[in-house]
Structures are given as structure tokens and as C-alpha cells.
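Numbers 10 to 129, taken from the numbering used here, label the letters of the sequence shown in order.
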Amino acid sequence: MKRILLDTTVLVVNWRHPGVQASQPAETTNCINSITYIEFLQGANKRQIADAKAFLNTFEHIRLDAKISDKAIELIEIHSDRDGLRLADALIAATCLSLDLELVTYNRRHFKKIANLKLI
10 MKRILLDTTV
20 LVVNWRHPGV
30 QASQPAETTN
40 CINSITYIEF
50 LQGANKRQIA
60 DAKAFLNTFE
70 HIRLDAKISD
80 KAIELIEIHS
90 DRDGLRLADA
100 LIAATCLSLD
110 LELVTYNRRH
120 FKKIANLKLI
């Protein structure tokens, strides 16, 4: 089964509008990484935390490792000054590049200049 990484923007839309689905290939496993998990939880209030965690636990959780961290450093070196790439997006992109995953996002402009990153 194909695995794809969901950006935080996609999670927020799915959380607020459960019937809305981002376009993605059939037969896929939806994944999030630790950054997406943290960003999503950061947006939840105290009453929503339990439900937010239950929602997040419906996705495969990819934890950051040395390979992903090293790739994020490389992306920041290339893209932070000229393209404004920030830490969270660098780690999300690095996860995709390190594990050969496609990225589903509503913020294509944050990622479009990263070579070899496959956007859905």
C-alpha cells in the first residue's frame, strides 16, 4: 500500500470539515510526522486535546530520525534565505524526501521550490 504524508493544513481542514477530503491516490496509508502532530496539538484548546489526540492516532505516525534531521538541515541551508523555508516545513519536506513519500498540502507555495518533492 502506498504511504503519503499529510501536511498540517490538510489535518485542520479534515478536523473542521470531516466530509472534506484532499485529493489523493486510492489505496493509500495516510501518515503524519512528529511536526504535524505537534503543530496540530498546538492549535487545540484544553477541551479539544483528548479528541485531537484520538484524531491524530488514526494516522500512521512517522517519528523524526537522524536521516530526516540531516535532510532538513540541508533544505534550510538551501531554501531559508532565498525561499523563506521555515523549520516545520523543512522537517515535513525532509520526511517526504527521506522516505520517498508524496506530500498532500494546501500550502503548495511553501514547498514548490524544493527539488524532487512530490506534491499532491
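The beta carbon of each residue, even a glycine, is placed where N, CA and C say it ideally should be. These numbers come from a predicted model, not from an experiment.
Subject >> Residue(s) in a DSSP beta bridge with LEU126 >> reply: On the sequence shown, residue 126 is found 117 positions in, with the first residue counted as 1. DSSP, once it has assigned bridges, lists no residue as partnering LEU126.
Original post:
To which residues does DSSP link ASN42 through a beta bridge?
Top reply: On the sequence shown, residue 42 is found 33 positions in, with the first residue counted as 1. Paired residues: ILE71.
Original post:
For the putative contact between SER110 and LEU14, defined by C-beta atoms under 8 Å, what is the C-beta separation to the nearest angstrom?
Top reply: The residue labelled residue 110 in the question sits at position 101 within the sequence shown. The residue labelled residue 14 in the question sits at position 5 within the sequence shown. Reading off the sequence shown, one finds Leu at residue 110, where the question assumed Ser. So it is a contact: roughly 5 Å between Cβ atoms.
Original post:
Do you know how far the Cα of SER78 is from the Cα of GLU86?
Top reply: Position 77 of the sequence shown, counted from the first residue, corresponds to residue 86. Position 69 of the sequence shown, counted from the first residue, corresponds to residue 78. Each residue's alpha carbon lies about 12 Å from the other.
**OP:** Between the Cα of ASP9 and those of LEU73, LYS76, LYS11, ARG117, spot the shortest distance and give me the residue it belongs to.
**Re:** What the structure shows of the chain is the stretch from 10 to 129, and residue 9 is not part of that stretch, so it cannot be assessed.
Original post:
Going by DSSP, which residues form a beta bridge with THR4?
Top reply: Past the boundaries of the shown model lies residue 4; the chain is included only from 10 to 129, so the question cannot be answered.
Subject >> Short CB-CB distance (under 8 Å) between ALA102 and chain C >> reply: No chain C appears in this structure, which consists of one protein chain only.
Subject >> Span separating the alpha-carbon of TRP130 from that of PHE64 >> reply: The requested residue 130 does not occur in the structure, where the chain is confined to residues 10 to 129.
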